[in-house]
Every structure is written in C-alpha cells, then in structure tokens.
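In full-length UniProt numbering, the protein residues as written are 1 to 320.
Heads up, the beta-carbon is just placed ideally off N, CA and C, and yes, glycines get one too.
Keep in mind that this is a model prediction, so the values were computed, not measured.
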Amino acid sequence: MNKIPLAIETENITRFFKDVKAVNGISLKIERGGVYGILGPNGAGKTTLIRMLATLLNPTSGSGKVMGYDIVTEKETIRRLVSLTGQFASVDEDLTGLENLLLLAKLLGYTGKNAKKRALELLSGFGLSDAAKRQVKTYSGGMRRRLDIAASIVVRPALIFLDEPTTGLDPRSRNQVWDIIRSLVADGTTVLLTTQYLDEADQLAEKIAVIDHGKVIAEGTPSQLKASVGSNVLRLNVNDASQIEKARQIITQKINLDVQTNSDPYLLTVQTENVSAATNLITEITSAGIEISRFSLGQPSLDEVFLALTGKPVEENNEE
Numbered sequence: 001m002n003k004i005p006l007a008i009e010t011e012n013i014t015r016f017f018k019d020v021k022a023v024n025g026i027s028l029k030i031e032r033g034g035v036y037g038i039l040g041p042n043g044a045g046k047t048t049l050i051r052m053l054a055t056l057l058n059p060t061s062g063s064g065k066v067m068g069y070d071i072v073t074e075k076e077t078i079r080r081l082v083s084l085t086g087q088f089a090s091v092d093e094d095l096t097g098l099e100n101l102l103l104l105a106k107l108l109g110y111t112g113k114n115a116k117k118r119a120l121e122l123l124s125g126f127g128l129s130d131a132a133k134r135q136v137k138t139y140s141g142g143m144r145r146r147l148d149i150a151a152s153i154v155v156r157p158a159l160i161f162l163d164e165p166t167t168g169l170d171p172r173s174r175n176q177v178w179d180i181i182r183s184l185v186a187d188g189t190t191v192l193l194t195t196q197y198l199d200e201a202d203q204l205a206e207k208i209a210v211i212d213h214g215k216v217i218a219e220g221t222p223s224q225l226k227a228s229v230g231s232n233v234l235r236l237n238v239n240d241a242s243q244i245e246k247a248r249q250i251i252t253q254k255i256n257l258d259v260q261t262n263s264d265p266y267l268l269t270v271q272t273e274n275v276s277a278a279t280n281l282i283t284e285i286t287s288a289g290i291e292i293s294r295f296s297l298g299q300p301s302l303d304e305v306f307l308a309l310t311g312k313p314v315e316e317n318n319e320e
C-alpha cells in the first residue's frame with residue numbers, strides 16, 4: 001500500500017533577497033489534519049515561507065512538497081488543492097458579500113443555481129447572511145476577514161494557508177475566526193497557521209514551529225515547548241512599580257536565578273524547578289516591606305517560552 005504523502009515537507013529550504021536571508025534552511029514535516037502553527041515575530045520569515053509553499057515564490061535553494069507535489073515543478077497541481085488567506089482582505093470592496101462569493105463560485109466551475117447555493121451556504125456558515133447584500137466596504141474588519149476565509153473555501157481545499165488571519169482584529173472578531181478555523185479542521189481541511197499571537201497558537205495548534213531570523217529554533221506541541229524551558233515559572237506582581245527592582249534583587253540573591261522584567265512594570269517572572277525555594281521567596285519579599293498583589297507558580301506560558309528561546313519578549317520583537 002502506498003504511503004499517504006505528508007501535507008507539507010520541506011528540506012533545507014531557503015529564500016534570499018539580495019543579502020537578506022528571509023528563510024534560511026527550514027526543514028519541516030507536517031502531517032495531514034489539524035492545525036500546524038508557525039510562530040514568530042514580524043520579519044521572522046513566516047510570510048516568505050508561506051508564499052513558497054503556496055507556489056507564489058520560488059526557493060533560492062532546498063526543496064519542498066505540498067500534498068506530495070513539488071512546489072517548483074508541480075505548481076498547477078498544488079494550486080488546485082490549496083487556498084491562501086493573508087492579513088488583508090482580497091475580496092472586491094465595491095461588490096456585496098454575496099456578489100463576491102457568486103463570482104468566485106462561477107469562476108471555479110459552479111453553475112448558476114449551484115453557485116448561489118454554495119455562496120448562501122458560506123454566508124450562513126460564517127455568520128454573514130444579514131450582510132449578504134451590503135457592499136464589502138461597509139463591513140467591519142472581522143466581517144471582511146470572515147468573508148475572505150469563506151472566499152478561500154468556495155471549493156473546499158485539502159490545505160489552507162492562513163497567514164496571520166487575525167492581525168488587527170478585536171478580541172470578539174478573533175474568537176470568531178478561531179471558531180472558523182476549528183470548523184475547517186473538523187471538516188477535514190489541514191490548516192497551516194502563521195501568527196505572532198502566542199495565545200492564538202496555544203489555543204489552535206496541535207504542533208508549533210517557532211521561527212526567528214529565518215530559522216526554526218524550536219518545534220513541538222505547546223506542552224512540549226513549555227516543558228522545554230523549565231518545569232515551573234514564578235509570576236509575581238507588586239503593588240508599587242517603584243519596588244520592582246528591589247524585589248528582583250531579593251530573588252536574585254536568594255535563589256541565584258535570572259529574573260525577567262516584562263512590559264508590565266508590576267510583574268516579575270523567574271524560571272525555577274525548586275518549588276519550596278520559590279514559595280519561600282514570597283515571605284522574604286513581604287518581610288522587606290514589598291506588597292505583593294498576586295503571585296502564581298506553574299507551567300510557563302508560550303510568551304515565556306518565546307522569551308527563553310529568543311532572549312526578548314514577543315512585544316519587543318514585533319516592534320522591530
């Protein structure tokens with residue numbers, strides 16, 4: 001029996017733009033089904049990798065296959081099997097939502113009645129029925145993003161590339177897109193999701209590759225990535241931000257571990273496997289007259305994984 005090809009397989013794939021190594025030797029093996037997350041800051045190489053896999057950009061070197069087909073020599077076959085949705089809506093803003101989906105359905109081979117049936121199914125499934133006859137220019141950002149994803153699955157793809165699909169959306173719209181992604185997977189579509197949002201990767205992806213400066217620096221399930229940087233993280237919030245440095249010095253002196261400050265001026269985090277020493281710190285800090293508003297000891301978050309792997313918090317990376 002022939003082995004079913006992987007959804008995506010790359011071998012040392014690179015893409016250089018003059019002296020810039022946008023993607024620098026990435027090797028991936030991604031199984032069919034579920035959500036695979038590509039996590040990294042702006043400029044890490046996520047979109048360049050997606051464009052190569054979607055056959056929109058040739059690699060400088062290395063090789064890649066999508067659903068068993070070569071991304072350089074078998075582009076047309078791949079394009080019939082996959083869809084790509086980016087950060088910005090690709091639908092026509094002067095048309096209505098219904099008109100956009102009807103047009104695409106007809107271009108993709110649906111006849112008149114079947115085209116309308118498919119368009120209405122998608123509008124209903126994506127919560128856009130009430131806005132079906134409104135011009136897209138009147139849609140909110142979340143509505144446009146949902147319509148854009150609907151347009152990409154008029155003919156249901158075996159694999160869909162979602163390149164930062166929730167960038168710029170409010171929390172409610174982000175959750176709506178997350179529900180759509182889960183429904184795609186439930187219906188059998190493989191999803192490759194790129195994101196700079198750590199909570200998004202944690203919520204949706206069965207497996208994650210962390211990319212920085214064009215290279216994969218870590219890969220695994222969310223739990224595996226969290227376990228790789230230490231078994232416990234102490235998170236400590238103080239009432240007075242001016243006392244944060246004093247608290248940091250106490251922690252450093254008592255357990256001789258690196259203490260991380262954050263974008264939150266009231267928060268300190270420290271990785272430790274010594275639970276008793278971590279809990280004793282609370283007594284030491286309060287005895288020094290520092291008021292603690294909240295503390296917790298538990299598994300690291302993906303934010304803390306990213307910090308441990310790159311040396312910088314994701315917010316700082318994304319500002320560059």
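Mapping the DSSP letters down to three states, classify residue i as helix, strand or coil.
{"i": "Glu206", "result": "coil"}
{"i": "Ile290", "result": "coil"}
{"i": "Lys18", "result": "coil"}
{"i": "Glu164", "result": "coil"}
{"i": "Glu76", "result": "helix"}
{"i": "Asn232", "result": "coil"}
{"i": "Asp212", "result": "strand"}
{"i": "Phe295", "result": "strand"}
{"i": "Ile8", "result": "strand"}
{"i": "Gly25", "result": "strand"}
{"i": "Val155", "result": "coil"}
{"i": "residue 322", "result": "Limits of the chain in this structure are 1 at one end and 320 at the other, which puts residue 322 out of reach."}
{"i": "Glu316", "result": "Low local confidence applies: a pLDDT of 49 at Glu316 is under 50, so the model's placement there is unreliable, with the coordinate-based value given in what follows. Looking at Glu316 - three-state DSSP - the assignment turns out to be helix."}
{"i": "Met1", "result": "Caution applies to Met1, whose pLDDT of 49 falls short of 50 and renders its modelled position unreliable; the value that the coordinates give is listed next. Coil, per DSSP."}
{"i": "Ala218", "result": "strand"}
{"i": "Thr269", "result": "strand"}
{"i": "Thr252", "result": "helix"}
{"i": "Thr195", "result": "strand"}
{"i": "Thr111", "result": "coil"}
{"i": "Thr310", "result": "helix"}
{"i": "Asn239", "result": "coil"}
{"i": "Thr189", "result": "coil"}
Rounded to a whole number of angstroms, what is the C-alpha to C-alpha distance between residue i and residue j?
{"i": "Leu184", "j": "Gly298", "result": "32 Å"}
{"i": "Glu9", "j": "Ser63", "result": "8 Å"}
{"i": "Asp130", "j": "Asn280", "result": "58 Å"}
{"i": "Ala205", "j": "Val35", "result": "5 Å"}
{"i": "Lys133", "j": "Val66", "result": "37 Å"}
{"i": "Leu236", "j": "Ser276", "result": "15 Å"}
{"i": "Gly141", "j": "Ile30", "result": "31 Å"}
{"i": "Arg15", "j": "Asn58", "result": "8 Å"}
{"i": "Lys106", "j": "Ala151", "result": "12 Å"}
{"i": "Val229", "j": "Gly43", "result": "24 Å"}
{"i": "Leu116", "j": "Gly97", "result": "Note on identity: in this sequence residue 116 is Lys, with Leu being the wrong assignment. Those two C-alpha atoms are separated by around 12 Å."}
{"i": "Glu99", "j": "Met143", "result": "15 Å"}
{"i": "His213", "j": "Tyr110", "result": "43 Å"}
{"i": "Glu316", "j": "Ala308", "result": "Low per-residue confidence applies at Glu316: pLDDT is 49, beneath 50, and the placement is therefore not dependable, though the value from the model is reported in the following sentence. Whole-angstrom Cα-Cα distance: 13 Å."}
{"i": "Leu169", "j": "Ala288", "result": "43 Å"}
{"i": "Tyr197", "j": "Val305", "result": "13 Å"}
{"i": "Thr60", "j": "Lys3", "result": "29 Å"}
{"i": "Pro157", "j": "Glu245", "result": "53 Å"}
{"i": "Glu320", "j": "Ser242", "result": "The pLDDT assigned to Glu320 is 40, lower than 50, so where the model puts this residue is not dependable; a value taken from the coordinates is nonetheless given after this. Glu320 and Ser242: Cα-Cα distance of roughly 28 Å."}
{"i": "Gly125", "j": "Glu76", "result": "29 Å"}
{"i": "Lys137", "j": "Asp187", "result": "30 Å"}
{"i": "Tyr266", "j": "Ser296", "result": "14 Å"}
{"i": "Asp240", "j": "Asp264", "result": "12 Å"}
{"i": "Thr122", "j": "Leu102", "result": "Correcting the residue identity first, residue 122 is Leu in this sequence and not Thr. Cα-Cα distance, rounded: 11 Å."}
Under 8 Å Cβ to Cβ from residue i, same chain only, skipping five residues before and after it: list those, please.
{"i": "Ile38", "result": "Lys46, Leu49, Ile50, Leu192, Leu193, Thr194, Thr195, Ile208, Ala209 and Ile211"}
{"i": "Thr286", "result": "Ile292"}
{"i": "Val259", "result": "Arg248, Ile251, Thr252, Leu268, Thr269 and Val270"}
{"i": "Ser90", "result": "Asp148 and Ala151"}
{"i": "Lys254", "result": "Ala277, Asn280, Leu281 and Glu284"}
{"i": "Arg172", "result": "Gly142"}
For residue i, which residues from the same chain have a beta carbon less than 6 Å from its beta carbon, with the 5 sequence-adjacent residues on both sides left out?
{"i": "Arg32", "result": "Ala7 and Thr190"}
Can you find the residues in the same chain that come closer than 7 Å, C-beta to C-beta, to residue i, ignoring five residues on each side of it along the sequence?
{"i": "Met1", "result": "The predicted model places Met1 with a pLDDT of 49, which falls under 50 and marks its position as unreliable; any figure quoted below should be read in that light. The answer is none, since no qualifying residue turns up."}
{"i": "Ala54", "result": "Val82, Leu84 and Phe161"}
{"i": "Phe17", "result": "none"}
{"i": "Ile180", "result": "Phe126, Arg146 and Ile149"}
Start-end ranges of the beta strand (DSSP E) lying completely within the stretch 29-105, minimum 3 residues | Counting only runs that start and end inside the stretch 29-105, the beta strand (DSSP E) elements of at least 3 residues fall at 35-39, 61-66 and 82-85.
State whether the stretch 150-166 contacts the stretch 72-87, with contact taken as three or more CB pairs (one from each stretch) at a distance under 8 Å.
-> In short, these stretches touch, since the Cβ pair count reaches three.
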